[in-house]
Amino acid sequence: MTEARETVSVRVELFGTPRIHSGTNVVDLAVPCPPSRGGVVAALAGKCPALVGHGLKTDLTDLEEGYVFNLNGLAFLGEADFFIKEGDSLLLISSQAGG
């Protein structure tokens, strides 16, 4: 019999402003199951409070406008398609490009 997991371990890689404000480029998280955007944001804020207001909404429900999660460097994740599993890597990046 398989025991249900309480958390999923994921790695969040930070780029741009989030990296500057957090002072790190990688954060390992234990996200409560079932994993959600809000769960990742809350866990990330717990590990890196400096990201609140600098990529993470102050109410910890989601990312601020202009920021996105990318899954394993392969696909951008919206609210409806937020499916992550044990060992995944999320990239937190700005969706705005400059020139």
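Counting in our numbering, the final residue of the sequence shown is number 1080, and the numbers go up one at a time with none missing.
Virtual Cβ for every residue (Gly too), placed ideally from N, Cα, C.
Whole-angstrom distance between ASP1069 and ALA1026, CA atom to CA atom: 18 angstroms
Run of the beta strand (DSSP E) containing ARG986, from where it starts to where it stops: ARG986 -> no beta strand (DSSP E), and no H or E assigned at all.
The ligand FAD heavy atom lying under 8 angstroms from the CB of SER1075: Inclusion of the ligand FAD in the displayed structure is not the case, the ligand content being empty and no account of it being possible.
Entirely enclosed beta strand (DSSP E) segments - the stretch 1035–1074, minimum 3 residues: Within the stretch 1035–1074, the complete beta strand (DSSP E) runs of at least 3 residues fall at 1048–1052, 1056–1058.
Secondary structure of PRO1013, DSSP reduced to three states: If DSSP states are grouped into helix, strand and coil, PRO1013 belongs with the strands.
Short Cβ contact (9 angstroms threshold) for GLY1059 with LEU1041: Between GLY1059 and LEU1041, the C-beta spacing is not below 9 angstroms.
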